[in-house]
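Enquirer: Protein chains in written order, with this note's numbering: chain W, 59 to 173; chain B, 75 to 186.
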Amino acid sequence: KAGVTQTPRYLIKTRGQQVTLSCSPISGHRSVSWYQQTPGQGLQFLFEYFSETQRNKGNFPGRFSGRQFSNSRSEMNVSTLELGDSALYLCASSKNGQGGLNEQFFGPGTRLTVL
Amino acid sequence: AQSVTQLGSHVSVSEGALVLLRCNYSSSVPPYLFWYVQYPNQGLQLLLKYTSAATLVKGINGFEAEFKKSETSFHLTKPSAHMSDAAEYFCAVSETGNQFYFGTGTSLTVIP
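1) Residues of chain W with a CB under 8 Å from the CB of TYR175(B): which are they?
2) Please decide whether PHE164(B) counts as near chain W, where near means a Cβ-Cβ distance under 8 Å.
3) What's the gap between the Cα of GLY98(W) and the Cα of ASN172(B)?
4) Please report the Cβ distance between LYS132(B) and GLU138(B), rounded to the nearest whole angstrom; I am assuming they are in contact, meaning their Cβ atoms lie under 8 Å.
5) How is the beta strand (DSSP E) around THR180(B) delimited, first residue to last?
6) By how many angstroms is the C-alpha of GLU140(W) removed from the C-alpha of PRO119(W)?
7) Start and end of the beta strand (DSSP E) containing MET134(W)?
8) Grab the span of the beta strand (DSSP E) containing THR79(B) for me, first residue to last.
9) Rounded to the nearest angstrom, what separates LYS143(B) and PHE108(W) at their Cα positions?
10) List, in chain order, every chain B residue whose beta-carbon is nearer than 9 Å to that of ASN135(W).
11) Within a Cβ cutoff of 8 Å, which residues of the same chain sit near GLY177(B), ignoring the five residues on either side of it in sequence?
12) Could you tell me which residues DSSP puts in a beta bridge with PHE164(B)?
13) Quick one: is PHE127(W) near chain B, going by C-beta distance under 8 Å?
14) Would you check if the region 146-156 of chain B and the region 95-114 of chain B touch, i.e. whether three or more CB-CB distances between them fall below 8 Å?
15) Between VAL172(W), THR168(W), LEU173(W), which lies nearest to GLN116(B) when the distance is taken from Cα to Cα?
16) Using three-state DSSP, classify ASN135(B) as helix, strand or coil.
17) How far does the beta strand (DSSP E) with ILE70(W) in it extend, from its first residue to its last?
18) Would you say ARG113(W) faces chain B, with C-beta separation under 8 Å as the test?
19) Between GLU110(W) and chain B, is there a C-beta pair that is closer than 8 Å?
20) Taking Cβ positions only, does GLY179(B) come closer than 8 Å to chain W?
Here it is, written out as C-alpha cells:
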C-alpha cells in the first residue's frame, strides 16, 4: 500500500508570491490534515479536511487555505508569502478521522523556503 | 484547551543507557496521547498511542510510555539506547481524535 505522498518535496519562492502544495493520502483514507513544522515551534495544526469539507481549523491567518477533492487528495495554498512562512509542511491522512483510534500517517513533507 | 509540553528540547544519552523523554499534557477530558518519531528528511512515524486501554503502552523499537493521570504525564522510555534511536521525538494529544496538538519536540542524541 502506498504511503502519503506530497509534492513537490522542495520549493523556493520569494516574498509576495503564492504557493500550492499537494498531498495524496493513503488509498481509502478520507481525512487529511496539514501541519506547519518550524524549529522551536514543533508542529502547528493548520486545518483538517474530511469528505471535501474543512472540519477543523488551526490559528493561522487567512493567507493559508486548503481544499480537498472527491478522491481525497488535498491542496493547501499560501498567498502573499512572508519570510516566516519558511517551514516544513506536513500532510497526514487517516481513515475517517473519527476518534483517536485512527492513526495519522504522515507524508515526508514539503520544504518551503521563502527568500 | 489542549496542549503539550515537552521538557528538554535536546537530550543526550550514551549508547546502552536509559532513554527518558518527558511529556506533560493538559486536557479537559480524558485524552488520546501519542508519541511520534521523525528521522531527518522524513515525516512522522507513530511510536505508540494511549487510548485508555492500559496505562503502560508498549510501542515499536522497544519504546514504552506510561500514562499518569495524577501527574498529567506521558513520558517515553527505552531501557537501552541504540545509535539508530537518534531522531526527533514528538508527543501529541487529542481530545476528539481528529485534531492533534503536538509538543515542540525533543531531539535525541545517542553518544557511542
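Ideal placement from N, C-alpha and C gives every residue a C-beta, glycine not left out.
Expert: Looking at the atomic coordinates:
1) Numbered from 1 along the second sequence, position 101 holds the residue referred to as residue 175(B). Below the 8 Å Cβ cutoff, chain W contributes PHE103 as neighbours of TYR175(B), in chain order.
2) As a first step, residue 164(B) is located in the second sequence; it is residue number 90 there, counting from the start. It does; some Cβ of chain W falls within 8 Å.
3) Residue 98(W) sits at position 40 when you count from the first residue of the first sequence. Residue 172(B) sits at position 98 when you count from the first residue of the second sequence. Rounded to the nearest whole angstrom, the CA to CA distance from GLY98(W) to ASN172(B) is 24 Å.
4) Here residue 132(B) corresponds to residue number 58 of the second sequence, with the count starting at 1. Here residue 138(B) corresponds to residue number 64 of the second sequence, with the count starting at 1. Their Cβ separation, rounded to whole angstroms, is 5 Å, which keeps LYS132(B) and GLU138(B) in contact under 8 Å.
5) As a first step, residue 180(B) is located in the second sequence; it is residue number 106 there, counting from the start. 180-185 is the span of the beta strand (DSSP E), which, as asked, contains THR180(B).
6) Taking the first sequence and counting its residues from 1, the one referred to as residue 119(W) is at position 61. Taking the first sequence and counting its residues from 1, the one referred to as residue 140(W) is at position 82. Taking the straight line from one Cα to the other gives about 12 Å.
7) Position 76 of the first sequence, counted from the first residue, corresponds to residue 134(W). For MET134(W), the enclosing beta strand (DSSP E) has its first and last residue at 132-136.
8) Numbered from its first residue, the second sequence carries residue 79(B) at position 5. In the DSSP assignment, THR79(B) falls within the beta strand (DSSP E) that extends over 77-79.
9) Here residue 143(B) refers to the residue found at position 69 when the second sequence is read from its first residue. Here residue 108(W) refers to the residue found at position 50 when the first sequence is read from its first residue. Taking the straight line from one Cα to the other gives about 31 Å.
10) Within the first sequence, numbered from 1, the residue matching residue 135(W) stands at position 77. Those within 9 Å of ASN135(W) in chain B number zero; the least Cβ separation is about 21 Å.
11) What you label residue 177(B) is simply residue 103 of the second sequence in a count that begins at 1. Result list for GLY177(B): VAL78, THR79, GLN80, CYS97, PHE164, CYS165, ALA166, in chain order.
12) By one-based count along the second sequence, residue 164(B) stands at place 90. Note: PHE164(B) sits in a beta bridge opposite TYR110(B).
13) Residue numbering aside, residue 127(W) sits at position 69 when the first sequence is read from its first letter. Not an interface residue.
14) Result yes; three or more Cβ-Cβ pairs closer than 8 Å.
15) Within the second sequence, residue 116(B) is the residue found at index 42, counting from 1. Per the Cα distances, THR168(W).
16) As a first step, residue 135(B) is located in the second sequence; it is residue number 61 there, counting from the start. If DSSP states are grouped into helix, strand and coil, ASN135(B) belongs with the helices.
17) Locating residue 70(W) in the first sequence gives position 12, where the first residue counts as 1. Bounds of the beta strand (DSSP E) holding ILE70(W) are 68-71.
18) Taking the first residue of the first sequence as position 1, residue 113(W) is located at position 55. So yes, ARG113(W) belongs to the interface.
19) In the first sequence, counting from the first residue as 1, residue 110(W) sits at position 52. Residue-level contact by beta carbon fails for GLU110(W) and chain B, as no gap is shorter than 8 Å.
20) The residue you call residue 179(B) lines up with position 105 of the second sequence. Residue-level contact check: GLY179(B) touches chain W, since one or more beta carbons of chain W fall below 8 Å from its beta carbon.
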